Amino acid sequence: MQTGDNKRVFVIGQTEIAARPLDPALYLVATPIGNLGDITLRALETLAGADHVACEDTRVTRVLLDRYGIRQRPSAYHEHNATEAGPRLIEALENGRSVALVSDAGTPLVSDPGFRLVEQAQAHGIRVVPIPGASAVLAALTASGLPSDAFFFAGFLPVKDGQKRTRLGEVKAVPGTLIFFESPRRLADTLEAMTEVLGTRQAAIGRELTKAFEEIRTGTLAELAAHYAEADTPKGEVVICVAPPEERTETVEDIDKLLVSLAKEMPASKAAAEAARMTGQQKPVLYRRLLELKEGAGD
Numbered sequence: 075m076q077t078g079d080n081k082r083v084f085v086i087g088q089t090e091i092a093a094r095p096l097d098p099a100l101y102l103v104a105t106p107i108g109n110l111g112d113i114t115l116r117a118l119e120t121l122a123g124a125d126h127v128a129c130e131d132t133r134v135t136r137v138l139l140d141r142y143g144i145r146q147r148p149s150a151y152h153e154h155n156a157t158e159a160g161p162r163l164i165e166a167l168e169n170g171r172s173v174a175l176v177s178d179a180g181t182p183l184v185s186d187p188g189f190r191l192v193e194q195a196q197a198h199g200i201r202v203v204p205i206p207g208a209s210a211v212l213a214a215l216t217a218s219g220l221p222s223d224a225f226f227f228a229g230f231l232p233v234k235d236g237q238k239r240t241r242l243g244e245v246k247a248v249p250g251t252l253i254f255f256e257s258p259r260r261l262a263d264t265l266e267a268m269t270e271v272l273g274t275r276q277a278a279i280g281r282e283l284t285k286a287f288e289e290i291r292t293g294t295l296a297e298l299a300a301h302y303a304e305a306d307t308p309k310g311e312v313v314i315c316v317a318p319p320e321e322r323t324e325t326v327e328d329i330d331k332l333l334v335s336l337a338k339e340m341p342a343s344k345a346a347a348e349a350a351r352m353t354g355q356q357k358p359v360l361y362r363r364l365l366e367l368k369e370g371a372g373d
């Protein structure tokens, strides 16, 4: 909420700038992932002008607000108090107030519980306004040297090894660069699991992005796994980017074998549909080919 003097301003250098009034809405404000200079002017004006600022950790957000002379008293909204804090924020929004939601770093809703508040706001017909800015996902991707035309953000992997490998198997065939968040103390083990499940792929590790000790290390998954297995446990936030799988060109014989194998377990139409999903070819073409194979086997 605003302080008693109700002065809605932010400060750039020695210049105090008045924040314009905000329309009633839920504003999703991206904040720096490390370097406080990465905040946008629109984000500063939104934080200064909002009736309420909700954040994961008020101590972290306080540092940002103080840096830019914003006189707000942020309130906590995180996974442990969302059921209590959420309805209070929705009530404020329904009463015509403006609410700015921030995470500790980066863009709200990326690996944090903010999506619940957005879901509630939309259910109540409340306007939701994104205020874009810093994102560890995009920062790591753009510096990785890996394809950026298509990517899949998979968040944090499960901690247990078996569940981790299962999840990696589920995303193995995604036709785009894979992006993960990971704890530094689990980095070496995760890279070893990736090497075994995903195979020989190029990858990049982004660590402490935008901060003083920023590191971007590239190599194959095996090379990176070996490096971090021998190195001291790294510090700071880690983003892992993994190259897409190599394109496979199935031969006619490969597809025939796949169709015959699937047809042993399911009806022809379903077998053709499954083969189409696996190969990217058209179902009608595969269905006709399967019928031909069946007729040939009956001769």
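Here our numbering is used: position 99 in the sequence shown is 173, and no number is missing along the way.
A virtual CB, placed ideally from N, CA and C, is assigned to each residue, including glycine.
Here the structure is a predicted model, which is why all the values come from computation and not from measurement.
Kindly give me the distance between the Cβ atoms of residue i and residue j, rounded to whole angstroms, as I take these residues to be in contact under 8 Å.
i       : j       : result
Ile-107 : Ala-210 : 5 Å
Thr-240 : Val-316 : Contact flag wrong, Cβ pair sits at about 17 Å.
Pro-319 : Lys-238 : Their Cβ separation, rounded to whole angstroms, is 18 Å, which puts Pro-319 and Lys-238 out of contact at 8 Å.
Ser-177 : Thr-120 : Contact flag wrong, Cβ pair sits at about 14 Å.
Val-203 : Ala-124 : That pair is no contact at about 11 Å.
DSSP state of residue i, grouped into three classes?
i       : result
Gln-276 : strand
Leu-429 : Because the chain in this structure spans residues 75 to 373, residue 429 falls outside the shown range and cannot be described.
Ile-329 : helix
Ala-228 : strand
Thr-307 : coil
Phe-255 : strand
Val-233 : coil
Phe-287 : coil
Thr-264 : helix
Thr-294 : strand
Pro-204 : strand
Glu-339 : coil
Thr-89  : strand
Arg-94  : coil
Gly-354 : coil
Arg-281 : strand
Near residue i, what residues of its chain come up, given a Cβ to Cβ distance below 8 Å and the 5 sequence neighbours on each side ignored?
i       : result
Gly-160 : Tyr-151, Arg-190, Leu-191, Gln-194
Arg-136 : Pro-148
Thr-353 : Glu-324, Ile-329, Leu-332, Leu-360
Gln-355 : Ile-329, Ala-349
Glu-289 : Ile-279, Gly-280, Arg-281, Glu-282, Pro-308
Ser-222 : Leu-215, Thr-216, Thr-251
Glu-168 : His-198, Ile-200
Thr-77  : The pLDDT assigned to Thr-77 is 45, lower than 50, so where the model puts this residue is not dependable; a value taken from the coordinates is nonetheless given after this. The answer, listed in chain order, is Arg-145, Gln-146, Arg-147.
Within its chain, find whatever has a CB closer than 7 Å to the CB of residue i; leave out the 5 residues flanking it on each side and keep chain order.
i       : result
Phe-225 : Leu-215, Gly-250, Thr-251, Ile-253
Arg-116 : Ile-205
Leu-261 : Tyr-302, Pro-308, Val-312
Ala-345 : Leu-333, Leu-336, Ala-337, Leu-364
Pro-454 : Residue 454 lies beyond the stretch modelled for the chain, which goes from 75 to 373, so this question has no answer here.
When you compare the CB of residue i with every CB in chain C, is at least one pair closer than 8 Å?
i       : result
Val-271 : Absence of chain C from the displayed structure is noted, only one protein chain being present.
Taking C-alpha atoms, which residue in the options lies nearest to residue i?
i       : options                            : result
Arg-201 : Pro-98, Pro-258, Arg-275           : Pro-98
Arg-82  : Gln-88, Ala-93, Lys-338            : Ala-93
Glu-30  : Phe-287, Gly-236, Asp-140, Pro-258 : Examination of residue 30 is not possible in this model, given that the chain is present from 75 through 373 alone.
Val-312 : Glu-321, Leu-265, Thr-274, Gln-276 : Leu-265
Leu-220 : Ala-278, Arg-171, Thr-325          : Ala-278
Met-340 : Glu-321, Leu-364, Val-326          : Leu-364
Gly-111 : Leu-272, Ile-86, Leu-175           : Ile-86
Glu-327 : Leu-367, Ser-343, Leu-100          : Leu-367
Arg-259 : Ala-228, Val-248, Asp-306, Glu-297 : Asp-306
Arg-362 : Ala-296, Ser-343, Arg-171          : Ser-343
Taking 6 Å as the limit between beta carbons, can you name the residues of its chain near residue i, skipping five residues before and five after?
i       : result
Asn-109 : Thr-284
Leu-139 : Gln-146
Glu-90  : Val-83
Within the segment 99-166, ranges of the alpha helix (DSSP H) (whole runs, at least 4 residues):
Counting only runs that start and end inside the segment 99-166, the alpha helix (DSSP H) elements of at least 4 residues fall at 115-123, 132-141.
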